[in-house]
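Under our numbering, residues 4 to 213 are what the sequence shown spells out, in order.
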Amino acid sequence: MRFNRSLPLALCLLAVSAFLCSCGGGAGSPGSSGSENTGLILDASVTPLYLGANTSSVDAFQQICQAGPPPVVETFTTHQATLTINARLINPNPNPPFRPTITVEKYTIVYTRSQDSIGAPPIESMTRFQTINIPAPTGTDTSTVTATIDFLDLVRKDKYALDWSSGQYAARDPNNYTATITLEGQNQFGDSFSELVQVPFEIGHFNNCQ
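This is the structure we're talking about:
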């Protein structure tokens, strides 16, 4: 039986308004850029995923499910996430017709401790190179693509567990963080873009024994 104490899955949909953003204002989120070059406005969301279930509770400590012998331990692996990207044209009726396509080439995740967990162990940022092709939308339609990405890998989970157990940090369990995910890529003409998404999560001891 799996028990996860999940925070509400807050999905941040962050749109980039190209022309306003290029002037230093508008609805674009800080860290997002490039719509004025690519001709596309993006909305991105991230849903943390672990062992086939949507959960923002990151398990950093592998449990012994049955003492045995031999002992049976819970499945322990990288916490992943489902990335959803929606793209629409800035100008739905270009003349001449224009069908831009864009490709995400890498993403970087920065982990920030929440105010209620300021004494928690720091978590090192993570960069992954992954190709995600976003189909060209037409007119007022929206093109959508989903992909599975790494959210917090085993190396960082193990480091968190060691730091938490060292006694150097507050013994609170679980601790709360925000993952700031920056997607980077380019269109078919080599024009660059970036898109930023923020997702809250908690990390600690969670029982995922079957």
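Where a beta carbon is used, it is the ideal one built from N, C-alpha and C, also for glycine.
Subject >> Close-in-space but distant-in-sequence residues of the same chain around Q189 (CB under 6 Å, 5 per side omitted) >> reply: Position 186 of the sequence shown, counted from the start, is the residue given in the question as residue 189. Contacts found: S195.
Subject >> Closest residue to T106 among H208, T149 and F154 (Cα-Cα distance) >> reply: Locating residue 106 in the sequence shown gives position 103, where the first residue counts as 1. It is T149 whose Cα lies nearest to the Cα of T106.
**OP:** Check D62 in the structure and name its three-state DSSP category.
**Re:** For the purposes of this step, residue 62 is identified with residue 59 of the sequence shown, where counting begins at 1. Correct three-state label for D62: strand.
Subject >> Boundaries (first-last residue) of the beta strand (DSSP E) holding Y172 >> reply: In the sequence shown, residue 172 corresponds to position 169, counting from 1. Y172 -> no beta strand (DSSP E), and no H or E assigned at all.
Original post:
At which residues does the alpha helix (DSSP H) containing E198 begin and terminate?
Top reply: On the sequence shown, residue 198 is found 195 positions in, with the first residue counted as 1. It is not in any alpha helix (DSSP H) - E198 instead sits in the beta strand (DSSP E) that spans S195 to G207.
Original post:
Expressed to the nearest angstrom, what Euclidean distance is found between the alpha-carbon atoms of G170 and H208?
Top reply: By 1-based counting over the sequence shown, the position of residue 170 is 167. By 1-based counting over the sequence shown, the position of residue 208 is 205. The straight-line gap from Cα to Cα measures roughly 16 Å.
Subject >> CB contact flag (N210, Q66, <8 Å) >> reply: On the sequence shown, position 207 is the one that residue 210 refers to. On the sequence shown, position 63 is the one that residue 66 refers to. Contact flag set, yes.
**OP:** Express the C-alpha separation of E39 and S25 in angstroms, rounding to a whole number.
**Re:** For the purposes of this step, residue 25 is taken as the residue at position 22 of the sequence shown. For the purposes of this step, residue 39 is taken as the residue at position 36 of the sequence shown. Reliability of the predicted coordinates at S25 is poor, the pLDDT of 29 falling under 50, and the value obtained from them is presented with this limitation in mind. In a straight line, the C-alpha of S25 is about 7 Å away from that of E39.
Subject >> Cut-off 8 Å between Cβ atoms - residues of its own chain near Y172, not counting five sequence neighbours on either side >> reply: As a working note, residue 172 is residue 169 in the sequence shown. The residues are G122, A123, P124 and D166.
**OP:** Using a threshold of 8 Å, state whether the C-beta atoms of Q147 and N89 are closer than that.
**Re:** Translated into positions along the sequence shown, residue 147 becomes position 144. Translated into positions along the sequence shown, residue 89 becomes position 86. Just to set this straight, residue 147 is Thr in the shown sequence, not Gln. Yes. Within cutoff.
Subject >> Assumed close pair C68, V75 - CB separation to whole angstroms, cut-off 8 Å >> reply: Here residue 68 corresponds to residue number 65 of the sequence shown, with the count starting at 1. Here residue 75 corresponds to residue number 72 of the sequence shown, with the count starting at 1. Between V75 and C68 the Cβ distance is about 5 Å, and since that is below 8 Å, they are a contact.
**OP:** Report the rounded CA-to-CA distance for S168 versus C212, giving the unit in angstroms.
**Re:** Locating residue 168 in the sequence shown gives position 165, where the first residue counts as 1. Locating residue 212 in the sequence shown gives position 209, where the first residue counts as 1. Approximately 22 Å between the Cα atoms of the pair.
Original post:
V49 to M129, Cα distance in whole Å?
Top reply: The residue labelled residue 49 in the question sits at position 46 within the sequence shown. The residue labelled residue 129 in the question sits at position 126 within the sequence shown. If you take the alpha carbons of V49 and M129, they lie about 16 Å apart.
**OP:** May I ask you to report which of helix, strand or coil DSSP gives R102?
**Re:** Start at 1 with the first residue of the sequence shown, and residue 102 comes out as number 99. R102: coil per DSSP, three-state reduction.
Original post:
What are the start and end residues of the beta strand (DSSP E) that includes E39?
Top reply: Against the sequence shown, residue 39 aligns to sequence position 36. No beta strand (DSSP E) holds E39; the alpha helix (DSSP H) holding it covers S38 to T41.
Subject >> Nearest-angstrom Cβ-Cβ length linking T104 and A47, presumed shorter than 8 Å >> reply: Taking the sequence shown and counting its residues from 1, one reaches residue 104 at position 101. Taking the sequence shown and counting its residues from 1, one reaches residue 47 at position 44. Between A47 and T104 the Cβ distance is about 16 Å, and since that is not below 8 Å, they are no contact.
Original post:
Of all the options G193, N136, V113 and A174, which has the alpha carbon lying nearest to the alpha carbon of L155?
Top reply: Here residue 155 is taken as the residue at index 152 of the sequence shown, counted from 1. When each option's Cα is compared against that of L155, the closest is V113.
Original post:
When the distance is taken between beta carbons, is Y163 closer than 8 Å to A1?
Top reply: In the structure as shown, the chain begins at 4 and stops at 213. Residue 1 is therefore absent and cannot be evaluated.
**OP:** Alpha carbon to alpha carbon, how far is I44 from A30? Give it in angstroms, no decimals.
**Re:** Counted from its first residue, the sequence shown places residue 30 at position 27. Counted from its first residue, the sequence shown places residue 44 at position 41. Note that A30 has pLDDT 30, beneath the 50 cutoff, so the model's placement of it is unreliable and no number is given.
**OP:** Indicate whether I152 and A84 have their beta-carbon atoms separated by less than 8 Å.
**Re:** For this step, residue 152 is matched to residue 149 along the sequence shown. For this step, residue 84 is matched to residue 81 along the sequence shown. Yes, the pair counts as a contact, with Cβ atoms nearer than the cut-off.
Original post:
Any idea which residues DSSP pairs P51 with across the strands?
Top reply: The residue given as residue 51 occupies position 48 in the sequence shown. For P51, which the question treats as bridged, DSSP gives the partners A84.
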